[in-house]
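In what follows, a single structure is set out as C-alpha cells and then discussed.
4 protein chains.
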Amino acid sequence: MVITLQLDSSTPLYEQLRNQIVIGIATGELKPEEKLPTVRQLADDLGINTMTVNKAYALLKQEGYIVIDRRHGAKVRIPTLPASSDPSPQIEEQLQLIIAQATIQGVDQSRFQAICSQIFAKMVYRLP
Amino acid sequence: MVITLQLDSSTPLYEQLRNQIVIGIATGELKPEEKLPTVRQLADDLGINTMTVNKAYALLKQEGYIVIDRRHGAKVRIPTLPASSDPSPQIEEQLQLIIAQATIQGVDQSRFQAICSQIFAKMVYRLP
Amino acid sequence: MVITLQLDSSTPLYEQLRNQIVIGIATGELKPEEKLPTVRQLADDLGINTMTVNKAYALLKQEGYIVIDRRHGAKVRIPTLPASSDPSPQIEEQLQLIIAQATIQGVDQSRFQAICSQIFAKMVYRLP
Amino acid sequence: MVITLQLDSSTPLYEQLRNQIVIGIATGELKPEEKLPTVRQLADDLGINTMTVNKAYALLKQEGYIVIDRRHGAKVRIPTLPASSDPSPQIEEQLQLIIAQATIQGVDQSRFQAICSQIFAKMVYRLP
DNA sequence: GTGGTCTAGACCACC
DNA sequence: GTGGTCTAGACCACA
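As they're listed, the protein sequences go chains A, B, C and D. Number 140 marks the last residue of the first sequence (our numbering); no jumps. Number 140 marks the last residue of the second sequence (our numbering); no jumps. Number 140 marks the last residue of the third sequence (our numbering); no jumps. Number 140 marks the last residue of the fourth sequence (our numbering); no jumps.
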C-alpha cells in the first residue's frame, strides 16, 4: 500500500497517516488481520520520526481501527459492528459541512450522489 | 443565526466560526446580500477576541463566501458562478475519508445516501 | 469616460478613482484642459460619498495631474515636463516588484516587453 | 538578505515584508529550498511582532512562494510551473497604471524598456 | 524549537 | 461607524 505525505499540509503528519490507513482498510488494501509495518520501518520508509508513526498507530488503536499485539505488532481489527447502523454524529457534522460547501460550489444533489456511488464502489470492506 | 463555539475543540475558533457561517449560507439562514454582524459585535456576542472574528471573515472573504464592503461591513456574496457540476478535488478527498469511516462503522450505501438526502433537504441556497 | 469601482476591493475607493483618472489622462480619454465632472456629480453617478471623490481630486491635484479652479472646477493639467526624464524612484520600486512577480510566474523578458508595448500603444498622451 | 521596513509607510508591515521576500526570491538572494528565518528570529531582527511576520509568511505560503514544513520551518518553494508565458491579469492591471504614470511623468517607451531590462538583468530565478 | 492560535487593548484609514 | 493593522505576551500542537 502506497502512502504519500504532504509535508507542507496543514493537517498534521500523524493525522494524514491515520487517514490514509483508514482509507486503506475501507478499500480493502489492508485486510482484516493484516499486519501493518512496524513503527520503525514505516517511519524509515516515509522518512519521518518514529514518534509520528507511533502517534498515528495509537490513534488508530484508540479509535478501534487496529489492534496492537505486543508479539505480532499492529494488525487491522476484525470487523465486529453489525451493518446498517447510524454514523457517528461527528461524521454527520463533517458531512453537513461538505455538502454545504458543495452546494455553494454549484454541485447539485444528483451529481453529489453519483460521486458518492463512485467512492462506495471502491469500498470492499465487508462486515461480519 | 445561532453560533456556538467549542472552546475545547482541536479545530481553531476562527475555523469553527468559518464553518458555521458557510453552513448558514448554504442552509439559507444567511441570505445573499445579508449583512453579517460586525467583527466587534460578533466577538462580543461570542465572548472572543475581535482578531479571531477578523481572521474568520478574512478567510471567508478569501474563499469567496462573503464580500467586505468598506462602507457597510461584511455581506454574503451574491452567487455568480453557474452550476459547475463538479466539486473541487479537495472536497472529493474529504468525502472519500468520510465514506471510508462510515463504511467501517457499518453504514451501508443506502443509509448513507438517505442521510445525504436529509442534509440536502435543508440546503436552500440557489444559484443564479 | 467609464469609471467602475470595486466596492469590495482592498484598495480604497478614492485611490481606485484616482488610478482610473490617471489612466484616463494617459490614454487620452481625458485630454489636457478637459473639465472633470463636479465632485457632487461624480459622487452621485458612482453612488459614493462626496468626501471620497473630494479626496481623490485633492490627491490628483497634489500629485499635479489636475488643477482645481474655483470658477471652472477641476481640469486636466497641461503637460509641462520635458520628455525622456527618469521615472520617480517610487515607480521604479513598484516596477521591480511587478517584474519579480512576473518572473516567478514564468513570464520571460521578451513576453513582458511585448505586453508593455501593447499598453504603451494605448497611451496617446503627448508632452509639450 | 537585508530587509528594511518603513514604519511610516502606508503599506502594512507584513506586506512590505512579503514584497521584499518576493523580490529576494526573484533576484536569487533567496534560492529554492533555502530556509527562511524563523518567525521569532525575523521578528526579533526587525524589531516587530511575531504575528506580523507570521502574517507575511502565511500570505507568502498562500500565494505559493514558500512552503511551510512543520519540521523545518519555512522554505522557498521549488519552482514547479513551466514557463506560462502570460502574466496574471492582476499584474497586467498594475503594469498599466505604472505605465500611465510613467508616461505622464515624461518617460518614453524606450527609456521605460531600458529600465525594465536593467531590472530583469538582476532576476536570476530559473524555472524547472 | 517550529509555526499556529488566542487575548486584550490600542491606533489608524476609510467612508 | 466599519474593518485592518500592530503589539506584547501567552499557550499549545507538532515533530
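Every residue, glycine too, gets a C-beta built ideally from N, C-alpha and C.
Interface with chain C (8 Å Cβ-Cβ cutoff): Ser100/D is included. In this structure, Thr92/C is the residue among Leu107/C, Thr92/C, Ile103/C and Gly85/C with its C-alpha nearest to the C-alpha of Arg138/C. For Ile78/D, the uninterrupted beta strand (DSSP E) run begins and ends at Ile78 to Asp81, by DSSP. Cβ neighbours of Glu46/D within its own chain (closer than 8 Å, five residues either side excluded): Lys87 and Val88. Taking CB atoms only, Glu104/C has a neighbour in chain D less than 8 Å away. Shown here for Gln32/A: same chain residues with a beta carbon closer than 7 Å to its own, the five before and five after excluded, namely Ile15 in chain order.
Chain-ordered, the chain D residues with CB closer than 7 Å to the CB of Ser97/C read Gln117, Gly118 and Val119. Of the other Cβ atoms in all chains shown, 16 or more fall within 10 Å of the Cβ of Ile131/B; this residue is therefore buried. As the crow flies, the alpha-carbon of Met13/C is around 15 Å from that of Asp56/C. Using a CB distance cut-off of 8 Å, Gln108/A counts as an interface residue toward chain B.
Leu48/D counts as buried, since no fewer than 16 other beta carbons sit within 10 angstroms of its beta carbon.
Annotation for Ile60/D: Leu17 and Leu25 place their beta carbon closer than 8 Å to its own, counting only its chain and skipping 5 residues before and after.
Distance from the CA of Leu19/D to the CA of Leu19/B, rounded to the nearest whole angstrom, comes to 36 Å. Only buried fits Ala112/D, as 16 or more other CB atoms lie within 10 angstroms of its CB. The beta carbons of Gln108/A and Ile35/B sit closer together than 8 Å.
Ile80/D has a beta carbon lying within less than 8 Å of a beta carbon in chain A. As far as DSSP is concerned, Lys73/C takes part in no beta bridge. Taking every protein chain shown into account, the CB of Gln102/B has fewer than 16 other CB atoms within 10 angstroms, so this residue is exposed. Contact between Gly118/A and Ser97/B is confirmed by a C-beta separation of about 7 Å, below the 8 Å threshold. Here Gly85/C is bridged, per DSSP, to Asp81/C. Per DSSP, Ser100/B is not a residue of any alpha helix (DSSP H), being assigned neither H nor E. Nearest CB-CB separation between Arg83/D and chain A: below the 8 Å threshold.
In this structure, Ala68/A and Leu42/A do not form a Cβ contact; the two beta carbons are roughly 13 Å apart against a cut-off of 8 Å. Taking a Cβ-Cβ cut-off of 7 Å, Gln18/D has no neighbours in chain C, whose nearest Cβ is about 11 Å from it.
In this structure, Glu104/A and Ile127/B form a Cβ contact; the two beta carbons are roughly 7 Å apart against a cut-off of 8 Å. The C-beta of Leu25/C comes closer than 8 Å to at least one C-beta of chain B.
Taking Ile116/B as reference, the option from Ser22/A, Thr23/A and Pro44/A with the minimal CA-CA separation is Pro44/A.
Neighbours of Ala114/D in chain C, taken as residues at a C-beta separation under 7 Å, are given in chain order as Pro99 and Ile103. Residues of chain C whose Cβ lies closer than 9 Å to the Cβ of Val14/D do not exist, since the nearest Cβ in that chain is about 15 Å away. Listed by position along chain D, the residues whose Cβ is nearer than 8 Å to that of Ala86/C form an empty set, because the closest Cβ is around 16 Å away. For Met63/C, no CB of chain D lies under 8 Å from its own CB, so it is not counted at the interface with that chain. Taking CB atoms only, Ala38/B has a neighbour in chain A less than 8 Å away. Between the alpha carbons of Ala133/C and Ser100/C lies a distance of about 22 Å. Between Val79/C and Thr62/C, the C-beta spacing is not below 8 Å.
Take the alpha-carbon of Asp81/D and the one of Ser21/A: they are about 8 Å apart.
Residues of the stretch 41-57 of chain B with a C-beta atom less than 9 Å from some C-beta of chain A do not occur.
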